[in-house]
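This report refers to the structure that appears directly beneath it.
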Amino acid sequence: MIGTSTRLPPTQRLVEIKAVAEQFHFKISTLLLHAGKVVEAITWFRKHIKSYERVVGTPEVAFLHWEWFSRQFLVFGELIETTSTTIPDTLSPRFGTADNTLTEWEFQPAYYYQLAATYLREKRYAIECSSSMANLTTEVNGVPESVMPSVYVGQYVRLFEQGDTVSLLPLSDTEYTSYALSEAERFQDSYEIIALFRKAYESFQSLGATRMASACSSGMAIEYYAAADFSNAKQLFDSVAGLYRQEGWTSLLWENLGYLRECSMKLNSPKDFISYSLEMAALPLFSGSGEENRENKIKSGPAGSPTISRRENIQQEVINVLERKQSSEGTYDGFNNAIEEVTHLDIDQISPLRMVLTASVAFHDQSVKPGSPLLVSVSLLSHLPSPVVVDQLEVQFNQSDCNFVMHSAQEDSLPSYSNLHGQVIQDTSSLTLFTNRWMRLTHEVKSGKSGKLECLSVKATISKHLVICCHAESPASMEDFPLWKFENQVETLPTKDTTLAFSGQKLIQVDEPDAQVDLVLNSAGPALVGELFTLPVIIESKGHAVHSGELKINLIDARGGGLLLSPREAEDSESHHVELLGVSTVSEDKESKEEADSIRKIQYSFGVVSVPTLSVGDSWSCKLEIKWHRAKSVMLYVSL
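Here you go:
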């Protein structure tokens, strides 16, 4: 009718405009891509997106905008993928410049799939906000029935039946909003978002873009969490956290660990909950941590803002779990049946929990005799925000006799579960760790057997129910904490002695004990040429038994030059000045020559003779028989 306005209400008018624009845009994009005009198609898509990215509408229907916006990226990405687009050779390789404002990613379908998933997630957030605002209206007016698309693109009408008469009635914006919201709530967007992120993930992986693929994995994990599929969510969050730690992305790691904490709680895994919580509490603070509103809290996830108070609360939550304290919200009650009497955490040099607790051990000496006392310094460092009271420290070595325990005098008694039999226990006035400050302790131990004495680990018992086992580190080879490396903090050394701090080692060499066996070589006087000269040798065990001993004899030229004759020279030469003829032993007060096999070990200027087993206090003697064929000065060496 002429003069009659058919203009729709504002919300429906905006929906109609976007629907028509969408139709024209995809027609134009398809024609450009099929004509091989890739740059023109991407440029057209940019203009299309820029024209409508801020046309959101009222907050109640913002979810419709994000759904439409997501669809633009999805369909254009599919068009890019199906037309097998490539970057034209004529295009400047300098992306993002005045010559070429496009980016390299805009030629990849994965870029559009990732943004499609991201904007579809925005729709889910908007639905959560719209649902809370629309509850009252829906309860009063209800949801209109028999709503269907009109014959005109982007329009909706309500089917009204009265008897045999069927008529189409227009919708008010309130009715349309209620209808659109009820339809949106019927479908679970999470699984569609997961499918889009997975599509982008696979595409980025094929391109070798690991970081972008990791971002898509994080998106999938968040959606699994939203869909209450905590097992799959935890698996993906764990894989993503590894990259965040490696890259040092603390803000992303904070958010990621917040989800992992919640997944562990939902999966009834208190040990994982404690581990992730301690790692969160030990993360460095970073700027931009303001107060949260409801919308920001939804987007940042369960971790919340990384403020100092939030870190302290997380640390206290761990203590509450360990002490079986029920929270006001009943958050940790489910752990009561699953948590063990004692929770054990193992921390090595590559563990993400290393910033929670680090143990540095240094011996004050480089070598020591067996049984001698020596000093060892044990230093602990924590980045937790609140002080940590340690009930006891147990220091373990590769020689268990050297193990010792330091017990806090503040505790009334030793924990009943500790096996401290045979270990040295020392009471210490206080074992309290303060954030970013070394707690230095010095203890005297008695060296054990000869060989290497190495400190293996330091076990700290906290709140009587948490045992953290830190692999001992040498101050000389300690590495920095990657996430704390560039923070504005005062650097401290693990020991007050700077020499130990830069060169101290967690191991020491225990020397061989001094032999308690006497070897006596007697000489009656000078020898004459042609005389059979005998020299008595006595071996006496003073404190060490002798097993499988060998007596080595060497005749050395007194003027230098080593042995008088080598074995080969002795065989070839018939004339030599001095000759070792043999060895005779005393057995039951009778002299007897060695057996033939022993005699064969005597070769002119050197020999080896077996020594029988000697117990402590026993002795054994023999006589060396030497003959001079010509006058010559020699030195005789006998060793056991």
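Note that the working numbering gives residue 726 to position 187 of the sequence shown, counting from 1, and the numbers run on in steps of one. Note that the Cβ used here is the ideal one computed from N, Cα and C, for glycine as well. Just so we're clear, the structure is a prediction, and the values are computed from it rather than from any experiment.
Taken in chain order, the complete alpha helix (DSSP H) segments of 4 or more residues contained in the segment 546-585 are 549-573. A straight-line Cα-Cα distance of about 30 Å links V1076 and P909. Bounds of any beta strand (DSSP E) do not take in W793; it lies within the alpha helix (DSSP H) bounded by 789-805. Contact annotation: the segment 899-914 does not touch the segment 1021-1029, with fewer than three C-beta pairs closer than 8 Å. Around the CB of M1174, fewer than 16 other CB atoms lie within 10 Å, so the residue is classed as exposed. Distance between K662 and E862, taken at the CA atoms: about 42 Å. In this structure R1098 is exposed. Its beta-carbon is surrounded by fewer than 16 other beta-carbon atoms within 10 angstroms. K810 is positioned such that its CB atom lies no closer than 8 Å to that of T749. Under the three-state reduction of DSSP, T1034 is assigned to coil, being neither helix nor strand. With a beta-carbon spacing of about 6 Å, V1150 and I1078 fall inside the 8 Å limit used to define contacts. DSSP places V1059 in no alpha helix (DSSP H) but in the uninterrupted beta strand (DSSP E) bounded by 1056-1060. Taking one beta carbon from each stretch, the segment 1029-1039 and the segment 967-977 have 3 or more pairs nearer than 8 Å; the two touch. E851 sits away from S921, with the two beta carbons spaced by 8 Å or more.
Counting along the chain, the unbroken beta strand (DSSP E) around M1174 starts and ends at 1173-1178. For a cut-off of 8 Å, the C-beta gap from L1179 to G1088 is around 6 Å, short enough to register as a contact.
Inter-residue distance for S1002 and E879 is about 14 Å (C-alpha atoms, whole angstroms). Around S916, the same chain offers A901, T981, T1034 as residues with beta carbons nearer than 6 Å, after the five sequence neighbours per side are excluded.
The criterion of a C-beta distance shorter than 8 Å is not satisfied by F563 and F584.
In the three-state DSSP reduction, V1155 falls in the coil class, being neither helix nor strand. With respect to the 8 Å criterion, G1082 and Q1055 are classified as neighbours on the basis of their beta carbons. Counting only runs of 4 or more residues that sit fully inside the segment 730-768, the alpha helix (DSSP H) segments are 749-765, in chain order.
CA-to-CA, the gap between C755 and D777 works out to about 14 Å.
Straight-line measurement puts the Cα of F612 at about 39 Å from the Cα of I847. A distance below 7 Å between beta-carbons, with the five flanking residues on each side excluded, links S816 to the following residues of its chain, in chain order: R800, I853, E856, V857.
Using a Cβ distance threshold of 8 Å, I581 and L618 do not count as a contacting pair. Scanning its chain for C-beta atoms nearer than 8 Å, with the 5 sequence neighbours on each side dropped, one finds around S729 the residues R663, E762, Y763, A765, A766, in chain order. Contact check for L659 against A820 fails: the beta carbons are separated by 8 Å or more. Looking at the DSSP output, K985 shares a beta bridge with P912.
The C-alpha of S969 is placed about 8 Å away from the C-alpha of V928.
Under DSSP, H883 takes part in a beta bridge, and its partners are V1006. Sequence-distant Cβ neighbours of V1059 in its own chain, meaning closer than 6 Å and more than five residues away, are I1077. As computed with DSSP, R663 is found in no beta bridge at all. The C-beta of D930 has 16 or more other C-beta atoms within 10 Å across all chains shown, which makes the residue buried.
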